[in-house]
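Q: Would you mind keeping the following structure in view while I ask a few things?
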């Protein structure tokens, strides 16, 4: 490839840019955004090869454009991209929700373009900004591609290639399966981590003086970006609410066995949890 | 001191033993337990200086005896200790719950001995056994001492000294305050971590294939010892149930703002959570 355009040079966009540069997948990795100063700093740090704040220039001759911004900003980004997009440019994204991204693309473009391929790398950090970017972020991680019924196989292969070159394993599934699955493994734990901080605030914030490493790790993801997580909530609302409610039922069951001092049931619950956690680590 | 007796040479008992040996607080750090082979292995690994499976021998001439076993085993341990205990030996423990420990001591001894000083180091790992022990485990950590109305100031000072020599900061509070506080900062997150694994098992255990670092850290404490955590649940039942219920109310509020797509409220909740978490890290 000659040129990849990254819309949003943050943690994920910046990490992908670095991986593309390193694996020599493209000559030019052009960052697009509104803040020229930040883009200049990203270029100075070797995160991108070029940058521009002009979307027409950013897209001119691009083989792939990767939208790496919070899902809530997709509509306005897509509207600004659409007039300047060549028919041969592959469009992909790294959004944490997929059904909602497909919906907004369809609404902005009038139909689903054959060169649009939604994707989501299962990797992250609680830090944001290109300063936290890392060319190794995707090594050994999974990337889920959720092709639409219109996605061409050439476009799917192009997107698959950049992620494989970044060291990731690519899996394919439907957008609905993705949203249900990630609702459980990513969105739910984030909701629970934000909530333990909110509960702590409501009760006794200085209690954290007596928190150890367990609390630190458990709450780490509560340091995630509020805007990004707000957008994820709004864009995967049904799966997230379903999982919080299901989890609440699991808590009700735990309350029940503790209140009844059902020794065996408590121990079995903890033993099953530990065994699944330990097996998963292997 | 000449001799410290550690009842239960596991993660915490073993780490304290190592710290006492290193800081030269006592000539002999004697491990007591039922399994001679394990104790021999702990001695071979430099965790303790001596060991015995005979409680009379273990206590003979001991300046301090530290009970470092799951809280559920305290009653039988105390019953075996009592006949052989000299009036000058200080008794302390490292149990994760304090009101229940005081209750069982009072019940076994008939009244609260003046040389009994309950304590709880706020440090741990998800691993157990002396193999995981670490003489630095308590460096920079807090130890909460919850003296009873009978605890002599000499006994309190003796217990304070060994923890300070291990590198910890010692705070004093009532057993009730301890149980309420730790119910929030330690017991609640453990209950929530066990529960997310139980929820995952109930829904789709293979979903963990698509889990990233966030889930890994969030669920780390679900690898804790089931017996220890069962005992903690039974021994701090009221505070734990109260906190799970309070947390459930926080989740209900989150469900409510997500279902109503209350964008501002969602963002504020996440922003407050992040800001408290970030401040705490400093």
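Residue numbers (my numbering), protein chains in the order written: chain H, 5 to 286; chain L, 5 to 286.
Note that the Cβ used here is the ideal one computed from N, Cα and C, for glycine as well.
Going by DSSP, what residues sit across from residue 33(L) in a beta bridge?
A: Residue 33(L) sits at position 29 when you count from the first residue of the second chain. Residue 33(L) is bridged to 8(L).
Q: DSSP puts residue 54(H) in a beta bridge; with which residues?
A: Translated into positions along the first chain, residue 54(H) becomes position 50. In DSSP, residue 54(H) forms a bridge with 34(H).
Q: Chain H beta carbons: is any one of them nearer than 7 angstroms to that of residue 211(L)?
A: Position 207 of the second chain, counted from the start, is the residue given in the question as residue 211(L). By this cut-off, residue 211(L) is an interface position.
Q: Would residue 87(L) be called buried (16 or more neighbouring beta carbons within 10 Å of its own) or exposed?
A: If you number the second chain from 1, residue 87(L) lands on position 83. By the 10 Å Cβ count, residue 87(L) comes out exposed.
Q: Provide the residue(s) that pair with residue 95(L) in DSSP beta bridges, ordered along the chain.
A: In the second chain, residue 95(L) corresponds to position 91, counting from 1. Answer is 69(L) and 120(L).
Q: Please report whether the beta-carbon of residue 199(L) lies at a distance below 7 angstroms from any beta-carbon of chain H.
A: As a first step, residue 199(L) must be located in the second chain, where it is residue number 195. Yes, residue 199(L) counts as interfacial toward chain H.
Q: Going by beta carbon distance, what residues of the same chain come within less than 6 angstroms of residue 49(L), once the five residues before and after it are set aside?
A: The residue you call residue 49(L) lines up with position 45 of the second chain. Answer for residue 49(L): no residue qualifies.
Q: Which one of 101(L), 92(L), 113(L) and 186(L) has the shortest CA to CA distance from residue 80(L)?
A: Taking the second chain and counting its residues from 1, the one referred to as residue 80(L) is at position 76. When only C-alpha atoms are compared, the closest one is 113(L).
Q: What does residue 277(L) reach in chain H if we use C-beta pairs closer than 7 angstroms?
A: Locating residue 277(L) in the second chain gives position 273, counting from the first residue. Here the neighbours are 198, 201, 202 and 226.
Q: If you measure between the beta carbons of residue 106(L) and residue 226(L), is that distance less than 7 angstroms?
A: If you number the second chain from 1, residue 106(L) lands on position 102. If you number the second chain from 1, residue 226(L) lands on position 222. No. Outside cutoff.
Q: For a quick check, are the C-beta atoms of residue 19(H) and residue 186(H) less than 7 angstroms apart?
A: Within the first chain, numbered from 1, the residue matching residue 19(H) stands at position 15. Within the first chain, numbered from 1, the residue matching residue 186(H) stands at position 182. Their beta carbons are not under 7 angstroms apart, which means residue 19(H) does not touch residue 186(H) by this criterion.
Q: Could you tell me whether the Cβ of residue 102(H) comes closer than 7 angstroms to any Cβ of chain L?
A: In the first chain, the residue the question calls residue 102(H) occupies position 98. For residue 102(H), the answer is no, since every Cβ of chain L falls outside 7 angstroms of its Cβ.
Q: Helix, strand or coil for residue 209(L), going by three-state DSSP, please let me know.
A: For the purposes of this step, residue 209(L) is taken as residue 205 along the second chain, with counting starting at 1. Residue 209(L) falls in the helix class under three-state DSSP.
Q: Could you tell me which of 169(H), 192(H) and 275(H) sits nearest to residue 22(H), measuring between CA atoms?
A: Indexing the first chain from 1 puts residue 22(H) at position 18. When each option's Cα is compared against that of residue 22(H), the closest is 169(H).
Q: For residue 101(L), tell me which candidate among 191(L), 204(L) and 93(L) has the shortest Cα-Cα distance.
A: Counted from its first residue, the second chain places residue 101(L) at position 97. Residue 101(L) has its Cα closest to that of 191(L), out of 191(L), 204(L) and 93(L).
Q: Quick one, which residues of the stretch 160-171 of chain H are near chain B if we go by CB-CB under 8 angstroms, in chain order?
A: Absent here is chain B; the protein component of the structure consists of chains H and L.
Q: Which residues in the same chain as residue 6(H) place their Cβ atom closer than 8 angstroms to its Cβ, once the five residues preceding and following it in sequence are excluded?
A: Taking the first chain and counting its residues from 1, the one referred to as residue 6(H) is at position 2. Around residue 6(H): 30, 31, 32, 65 and 67.
Q: Within 7 angstroms of any Cβ in chain L, is that where the Cβ of residue 151(H) sits?
A: In the first chain, counting from the first residue as 1, residue 151(H) sits at position 147. Output row for residue 151(H): interface = no.
Q: Taking Cβ-Cβ distances shorter than 8 angstroms, what residues in chain H pair up with residue 231(L)?
A: Taking the first residue of the second chain as 1, we reach residue 231(L) at position 227. Per Cβ cutoff of 8 angstroms: 271.
Q: Buried or exposed: where does residue 143(L) fall if 16 or more other Cβ atoms within 10 Å of its Cβ makes it buried?
A: Taking the second chain and counting its residues from 1, the one referred to as residue 143(L) is at position 139. Result: exposed.
Q: Residues in the same chain with beta-carbon distance under 8 angstroms from residue 98(L), minus the five sequence neighbours each way, listed in chain order, please.
A: To locate residue 98(L), count along the second chain from 1; it is residue 94. Cβ neighbours of residue 98(L) beyond the five flanking positions: 16, 17, 20, 70, 71, 72, 123, 124 and 125.
Q: Buried or exposed: where does residue 43(H) fall if 16 or more other Cβ atoms within 10 Å of its Cβ makes it buried?
A: Within the first chain, residue 43(H) is the residue found at index 39, counting from 1. Burial call: buried.
Q: Got a sec: which bits of the stretch 172-184 of chain H sit with their beta carbon under 9 angstroms from any beta carbon on chain L, in order along the chain?
A: Per Cβ criterion, the list reads 175, 182 and 184.
Q: For a minimum of 4 consecutive residues, which ranges assigned as the alpha helix (DSSP H) are wholly contained in the stretch 170-234 of chain L?
A: Here the runs fully enclosed are 179-186, 192-207 and 217-223.
Q: Tell me the DSSP bridge mates of residue 236(H)?
A: Locating residue 236(H) in the first chain gives position 232, where the first residue counts as 1. Answer is none; residue 236(H) lacks a bridge partner.
Q: Grab me the residues of residue 233(L)'s own chain with a C-beta within less than 8 angstroms of its C-beta, minus the 5 sequence neighbours each way, in chain order.
A: The sequence position of residue 233(L) within the second chain is 229, counting from 1. Hits under 8 angstroms: 194 and 198.
Q: To the nearest angstrom, how far is the alpha carbon of residue 56(H) from that of residue 8(H)?
A: By one-based count along the first chain, residue 56(H) stands at place 52. By one-based count along the first chain, residue 8(H) stands at place 4. So the two alpha carbons sit approximately 13 angstroms from each other.
Q: Looking at residue 74(L): is its Cβ nearer than 7 angstroms to the Cβ of residue 244(L)?
A: Here residue 74(L) refers to the residue found at position 70 of the second chain. Here residue 244(L) refers to the residue found at position 240 of the second chain. Against a cut-off of 7 angstroms, the Cβ pair of residue 244(L) and residue 74(L) comes out as no contact.
Q: For residue 269(H), which residues in the same chain have their Cβ closer than 6 angstroms to its Cβ, ignoring the five residues on either side in sequence?
A: Along the first chain, one-based indexing puts residue 269(H) at 265. For residue 269(H), where only same-chain residues beyond five positions count, the Cβ hits under 6 angstroms are 261.
Q: Do residue 203(L) and residue 251(H) count as a contact pair if the criterion is CB distance below 7 angstroms?
A: Stepping through the first chain from its first residue, residue 251(H) is reached at position 247. Stepping through the second chain from its first residue, residue 203(L) is reached at position 199. Yes, the pair counts as a contact, with Cβ atoms nearer than the cut-off.
Q: Alpha carbon to alpha carbon, what distance is there between residue 247(H) and residue 116(H)?
A: Translated into positions along the first chain, residue 116(H) becomes position 112. Translated into positions along the first chain, residue 247(H) becomes position 243. Roughly 29 angstroms separates the two Cα atoms.
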